[in-house]
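In the numbering used here, the protein residues as written are 98 to 250.
Every residue, glycine too, gets a C-beta built ideally from N, C-alpha and C.
These figures come from a predicted structure and were not determined experimentally.
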Ligand SMILES: [Zn+2]
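In structure tokens form, the structure reads like this:
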């Protein structure tokens with residue numbers, strides 16, 4: 098079972114079909130090898146090595162999917178978890194973020210994926226005691242994200 102802290106149950110559907118579909122060859126050509134390994138093969142980048150892991154280094158803006166460009170997270174929901182990966186307490190655009198149970202690595206975790214291209218983003222954890230509004234930590238690989246700074250008004 099998917100833990101009940103996942104609020105967007107409607108996103109979890111066995112019939113889910115991504116809106117952006119490419120062949121494996123097309124993905125290999127459009128992504129870097131590291132992006133391909135994480136986004137398409139559910140890999141995990143090394144902690145404290147990827148992009149965007151520090152809390153506010155990028156300033157204000159939006160984090161879009163590294164695979165398809167869909168809006169995923171915002172700098173508003175980013176927080177400093179010190180875990181070595183970019184961390185968010187809520188998606189900016191929940192429609193573009195879905196979750197599913199992941200039983201790899203000998204334990205049950207909740208995987209986070211881009212709804213639009215089905216790219217692997219990371220995992221979501223709860224109950225860790227961070228002082229955030231949701232008590233959730235979307236632990237996302239930096240290579241799965243692309244930061245789009247807010248235009249100064
Ligand atoms: Zn995507």
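Contact between the segment 235-245 and the segment 144-156: three or more CB pairs below 8 Å?
-> yes
Cβ-based burial, residue 106 [other Cβ within 10 Å; buried from 16] | Residue placement at residue 106 is flagged as unreliable, the pLDDT there being 49, under the threshold of 50; the coordinate-derived value follows with that caveat. Residue 106 should be labelled exposed.
In whole angstroms, what is the alpha-carbon distance linking residue 230 and residue 185?
-> 11 Å
Environment of residue 219 [buried if 16+ CB atoms lie within 10 Å] | buried
What three-state label does DSSP hand residue 195 in the structure shown?
-> strand
For ligand 1, any of its heavy atoms closer than 8 Å to the Cβ of residue 213?
-> yes
Residue 167: beta carbon under 8 Å from a heavy atom of ligand 1?
-> yes
Identity of the residue in 193, 217, 121, 115 nearest residue 170 by Cα = 193
May I ask which residues mark the beginning and end of the alpha helix (DSSP H) holding residue 168?
-> Not the alpha helix (DSSP H): residue 168 falls in the beta strand (DSSP E), residues 168-171.
Reference residue 153; option with closest CA among 122, 211, 175, 139 | 175
Nonlocal neighbours in the same chain, by C-beta distance under 8 Å from residue 132, ignoring five residues either side = 163, 164, 240, 241
Same chain only: Cβ atoms within 8 Å of residue 142, ignoring 5 sequence neighbours per side | 131, 135, 182, 238, 239, 240
Look at the Cβ atom of residue 196, then the Cβ atom of residue 221, and state whether they are nearer than 9 Å.
-> yes
Tell me which same chain residues have a C-beta within less than 6 Å of the C-beta of residue 247, skipping the five on either side of it?
-> 157, 158
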